[in-house]
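Q: Under the working numbering, the first residue of the sequence shown is numbered 96, with each subsequent residue one higher.
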Amino acid sequence: NTLLLISDAHTISIIDTSTLKETIVAEGNAYVLYLDFHYRKGLIFWSDNSAGTISRIRYPSNKSTTAEVIIHSQTPAGVAVDTVNDFLYWADIRLHTISRSNLDGSNTVLLVSTNSPEDIELDIANGWIYYTFNGYNAIGKSRVNGSEIQTIVDNIGTTQNLALDFYEDRIYWTENGNRIVRSAFFDGSDSKIIIDGISDGYPFGIATTQSNVYFSTWNKGELFQLFKNNASASNRLIYTTGTTSLMSIKIFQST
């Protein structure tokens, strides 16, 4: 069964895509846009854009736990966990920075200063950070130490979430304004539209498995599945929050 870690802006949950059972992990947030997790250590991390915080919570836990604020920042956005070296990376839109810390928020290091980075993803095996630019219609990457900054995809729509597909060595991303999902190789080549015609929803979150692409629509609160090997198939609605927001998605599994 595929488990998805999702946020609907205020609540963080885990959805079993086979049974649609929802397990609530944390509630009462102001505006959660991005999240990630450390499966081996049993930690879930998220940024609260309105509160200016990054928090974490233990999951699963055999006792009641509460969220712990570990970082205060101006407008924190994308968060990404390095599960090999036990680091947390995060972007701040208004500070125009990408930073790294320990998993408890200590020992913060500024890595990249760039135009309004939003979502970030890590390719630790090859030493890269990938990130979207808020409002700049491009995707960039740098080394995990902040060097070799480069733009790999430009002249696209306003990008929101990124996902790295290590089965096919491709990036997937959502373009909110154009209402499409696009993909390219890790070097930015072979850019193409994967999902088009999302007529009444603005795509936001995205995640991939070996067989499927999952994406959310923030304004409709809907979660869709698309089979990779059947490009002509329609997007399959598998879940709705019943609210007007569904943000970040992650495949919740050991990596």
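Beta carbons: idealized from backbone N, C-alpha and C, even for Gly.
1) Would you tell me roughly how many angstroms separate the C-alpha atoms of I149 and N325, rounded to the nearest one?
2) Please name the residue in D291, G252, D177 whose C-alpha comes closest to that of F228.
3) In whole angstroms, what is the alpha-carbon distance linking A121 and R151?
4) Is the beta carbon of G272 less than 8 Å from the beta carbon of I344?
5) Is any heavy atom in the ligand SAM found nearer than 7 Å to the beta carbon of Y129?
6) I want to know whether the region 174 to 190 touches the region 133 to 144 - three or more CB-CB distances under 8 Å.
7) According to DSSP, Q245 sits in a beta bridge with which residue or residues?
8) Alpha carbon to alpha carbon, what distance is there between L332 and S284?
9) Roughly how many whole angstroms lie between the Cα atoms of I289 and K158?
10) What is the residue span of the beta strand (DSSP E) that Q320 lies within?
11) Exposed or buried, A125, counting other C-beta atoms within 10 Å across all chains shown (16 or more means buried)?
12) F132 and L100: beta carbons closer than 8 Å?
13) Could you check where the beta strand (DSSP E) with R151 kicks off and where it finishes?
14) May I ask you to report which of helix, strand or coil DSSP gives E213?
15) Which same chain residues, not among the five before or five after Y231, have their C-beta less than 7 Å away from its C-beta?
16) Of the residues E216, Y334, D199, which one's Cα is nearest the Cα of V164?
17) Note down, in chain order, each residue of its chain lying with its Cβ closer than 6 Å to the Cβ of Q320, except the 5 sequence neighbours on either side.
18) A104 to V276, Cα distance in whole Å?
19) Rounded to the nearest angstrom, how far is the Cβ of F182 from that of S196, given a contact under 8 Å?
20) The beta strand (DSSP E) that contains K287, what's its start and end?
A: Taking the structure as given:
1) Position 54 of the sequence shown, counted from the start, is the residue given in the question as residue 149. Position 230 of the sequence shown, counted from the start, is the residue given in the question as residue 325. Rounded to whole angstroms, I149 to N325 spans 38 Å at the Cα level.
2) The sequence position of residue 228 within the sequence shown is 133, counting from 1. Measuring from the Cα of F228, the nearest candidate turns out to be G252.
3) Here residue 121 refers to the residue found at position 26 of the sequence shown. Here residue 151 refers to the residue found at position 56 of the sequence shown. Going from the Cα of A121 to the Cα of R151 covers about 10 Å.
4) Position 177 of the sequence shown, counted from the start, is the residue given in the question as residue 272. Position 249 of the sequence shown, counted from the start, is the residue given in the question as residue 344. Not a contact, by the Cβ cut-off of 8 Å.
5) The ligand SAM is absent from the structure shown, which contains no ligands of any kind.
6) yes
7) As a first step, residue 245 must be located in the sequence shown, where it is residue number 150. DSSP lists K236 as partners of Q245.
8) Here residue 284 refers to the residue found at position 189 of the sequence shown. Here residue 332 refers to the residue found at position 237 of the sequence shown. Approximately 30 Å, taken between the alpha carbons.
9) Position 194 of the sequence shown, counted from the first residue, corresponds to residue 289. Position 63 of the sequence shown, counted from the first residue, corresponds to residue 158. Those two C-alpha atoms are separated by around 43 Å.
10) As a first step, residue 320 must be located in the sequence shown, where it is residue number 225. Here the beta strand (DSSP E) through Q320 covers 317 to 322.
11) Residue 125 sits at position 30 when you count from the first residue of the sequence shown. With fewer than 16 other Cβ atoms within 10 Å, it is exposed.
12) Along the sequence shown, read from residue 1 onward, the residue named residue 132 stands at position 37. Along the sequence shown, read from residue 1 onward, the residue named residue 100 stands at position 5. Their beta carbons are under 8 Å apart, which means F132 touches L100 by this criterion.
13) Within the sequence shown, numbered from 1, the residue matching residue 151 stands at position 56. Per DSSP, R151 belongs to the beta strand (DSSP E) from 148 to 153.
14) Against the sequence shown, residue 213 aligns to sequence position 118. Strand.
15) Against the sequence shown, residue 231 aligns to sequence position 136. If we look at Y231 and ignore the five residues flanking it on each side, its Cβ neighbours are N210, S211.
16) Mapped onto the sequence shown, residue 164 falls at position 69. Checked all of E216, Y334, D199; the closest Cα to V164 is D199.
17) Locating residue 320 in the sequence shown gives position 225, where the first residue counts as 1. Result list for Q320: N307, Y309, R331, I333, in chain order.
18) The count along the sequence shown starts at 1 and reaches residue 104 at position 9. The count along the sequence shown starts at 1 and reaches residue 276 at position 181. Roughly 21 Å separates the two Cα atoms.
19) As a working mapping, residue 182 is identified with position 87 in the sequence shown. As a working mapping, residue 196 is identified with position 101 in the sequence shown. Indeed, because the Cβ distance is near 7 Å, the residues count as touching under 8 Å.
20) On the sequence shown, position 192 is the one that residue 287 refers to. It spans 287 to 290 - the beta strand (DSSP E) in which K287 sits, taken as one unbroken run.
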